[in-house]
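Shown next, in structure tokens, is the structure this report addresses.
Numbering (our numbering), first residue to last: -5 to 127.
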């Protein structure tokens, strides 16, 4: 397996990576890195898209949880301008948003069967956070 090759990474390892990224952006430095580090946003965006194409509930939940962490700071004394920059960066690409919402469409018909309820919860959280921009 080539270092950084997302296609050959097992699902559990990819899910772990998104949990680690979520913890990273929970810090002030990680939260600011999304818009300040060169190519960070593009690399993470591609990683999210590739991961969601796997159609694995655990990975999808970890991806969406990570995106929520990018939209709402989890540290004290955050910069409101940084929060707005992160939100506008995440919401600026229509194709990216369509890809992120694809798992929600998959589970809409399955409300009664109990699948994807946590995923629905996180998507609703994203919708609420994006409306507060």
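For each residue, glycine too, the CB sits at the ideal point set by N, CA and C.
All values derive from a computational prediction rather than experimental measurement.
Can you tell me whether DSSP reads residue 30 as helix, strand or coil?
Here residue 30 sits in helix by DSSP.
Segment contact, 8 Å Cβ cut-off, at least three pairs: the region 76 to 91 with the region 53 to 66
In the pairwise beta carbon analysis, the region 76 to 91 is classified as touching the region 53 to 66: at least three pairs are separated by under 8 Å.
Residue 53 versus residue 25 - alpha carbon distance
C-alpha separation (whole angstroms): 21 Å.
Along the chain, where does the alpha helix (DSSP H) that runs through residue 81 open and close?
74 to 85
From -1, 99, 75, pick the residue whose C-alpha is nearest to that of residue 30; which is it?
Comparing Cα positions, the closest option is 75.
Out of 5, 6, 95, state which residue places its alpha-carbon closest to the alpha-carbon of residue 58.
Check the Cα spacing between residue 58 and each of 5, 6, 95: the tightest is with 95.
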